[in-house]
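One structure is given here, and the rest of the page talks about it.
Protein chains: 2
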Amino acid sequence: MHPFLSQTSEYALRAMVWLVNESPDASVCAKDLSRGSGVPSHYLSKVLRRLVLADLLVSRKGLGGGFALARNPSEIPFSDILKAVDAYPDLNRCAFGWGACNSEHPCPLHDSLVGVADDFREWADSTNLQDTVGKLPVGVIKKLHADS
Amino acid sequence: MHPFLSQTSEYALRAMVWLVNESPDASVCAKDLSRGSGVPSHYLSKVLRRLVLADLLVSRKGLGGGFALARNPSEIPFSDILKAVDAYPDLNRCAFGWGACNSEHPCPLHDSLVGVADDFREWADSTNLQDTVGKLPVGVIKKLHADS
DNA sequence: CTTTTAATAGACATAAATGTCCATTATTGA
DNA sequence: TCAATAATGGACATTTATGTCTATTAAAAG
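Following this line, the structure appears as structure tokens:
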């Protein structure tokens, strides 16, 4: 069990990381992305759609189309990816169930949770796709196309 | 949305925090715990059962029975509560989907995730129930019993 | 224009998390 | 022993997350 990342947000990160490592320039179709990243193909399509809507990817239909990064990897922090699939912590949610809970009227868990939630956001904001470049064995793309 | 805590683990924390704040010595029945903490009564019963099985609470049936802390609040870290409801991070799970993923053969997300996961575990291990004492307006227990 | 490729949309299926209900068992006090 | 209290166990219902399938739409290439 992962406390931080839902399956969906893991898939989103995986696909983005795989894309930037294996095909930082050219676009890749959903099927290849699925085979490469190991994310279930049809489910991945939905995740990719959300990443397009969030302007992290651009998509093109038809032959030679697929998905490509919408901007420079160094300008895509993990937080943007998590926000695209609704997996970014809600600053205003009180784990204790209080309607109004803030630093002035904190619930018993508030101060403590603010700390660990900030750690998470700090991580998500300061880590970006560029940080993952070169961390995958290269050449997987070529292998994929040799197969087909 | 909370990235860290499932609804169930929130409930577990709430109930424990409420108990230690409102009734550190005497036992409280599930119904009162539910009313006090705002956790759905029947669902709470199941959560309490898991806390009993994890030796964090002791239960007694019958009149005057209920649930009480099994040990000193300072000896009940949040990590124990999360473990009791299976909400503690699995050290061996790879978010990238690799079967074997460790510091020798790390996936592209490994190093980064290890950091934030350690932050979480550090928080869960070093925060305990005693740290929440005095953070709730007192006297709720009396009010509850005045009602009934 | 036709064929092939590939994204998009939406229906549907399954599994997991959350929530409710009720019968049973154990304990207490009268 | 009886009545009331309260945990326990398990069935069931609902919702959310995850996963699969198919038809449609758009683009490219001959």
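Note that the protein sequences, when read in sequence, are chains E and B. So the mapping is simple: my numbering equals the position in the first sequence, first residue as 1, plus 962. So the mapping is simple: my numbering equals the position in the second sequence, first residue as 1, plus 962. Cβ atoms here follow ideal geometry from the backbone N, Cα and C, with glycine treated the same way.
Asked, Found
"Quick one: is E:Asn1090 near chain B, going by C-beta distance under 8 Å?", "no"
"Hey, would you say B:Leu1006 sits closer than 8 Å to B:Ile1038, going by beta carbons?", "no"
"By DSSP's criteria, E:Pro1039 is part of a beta bridge. Which residues make up the other side?", "E:Asn1090"
"Please name the residue in B:Pro1099, B:Pro986, B:Asp1087 and B:Gln969 whose C-alpha comes closest to that of B:Leu1031.", "B:Pro986"
"For a test of your reading of the model: does the CB of E:Tyr1005 fall under 7 Å from any non-hydrogen atom of the ligand ADP? Yes or no.", "No copy of the ligand ADP occurs in the structure displayed, which carries no ligand at all."
"So E:Ser1003 is in the alpha helix (DSSP H); what residue range does that whole segment cover?", "Ser1003 to Leu1015"
"With 8 Å set as the bound, which would you pick, yes or no: does the beta-carbon of B:Pro1099 sit closer than that to a beta-carbon of chain E?", "no"
"From what residue to what residue does the alpha helix (DSSP H) around E:Val1095 run?", "Careful: E:Val1095 lies outside any alpha helix (DSSP H) and carries neither H nor E."
"By a C-beta neighbour count over all protein chains shown, 10 Å radius and 16 as the cutoff for buried, is E:Asn1090 buried or exposed?", "buried"
"When DSSP labels each residue in this structure, what does E:Leu1019 get in the three-state scheme?", "strand"
"Of the choices B:Asp1048, B:Phe1082 and B:Glu1084, whose alpha-carbon is the least far from that of B:Val1009?", "B:Asp1048"
"Count the other CB atoms within 10 Å of the CB of E:Asn983; is the residue buried (16 or more) or exposed (fewer)?", "buried"
"Going along chain B in order, which residues have a C-beta closer than 9 Å to the C-beta of E:Ser1074?", "Phe1040, Trp1085, Thr1089, Asp1093 and Thr1094"
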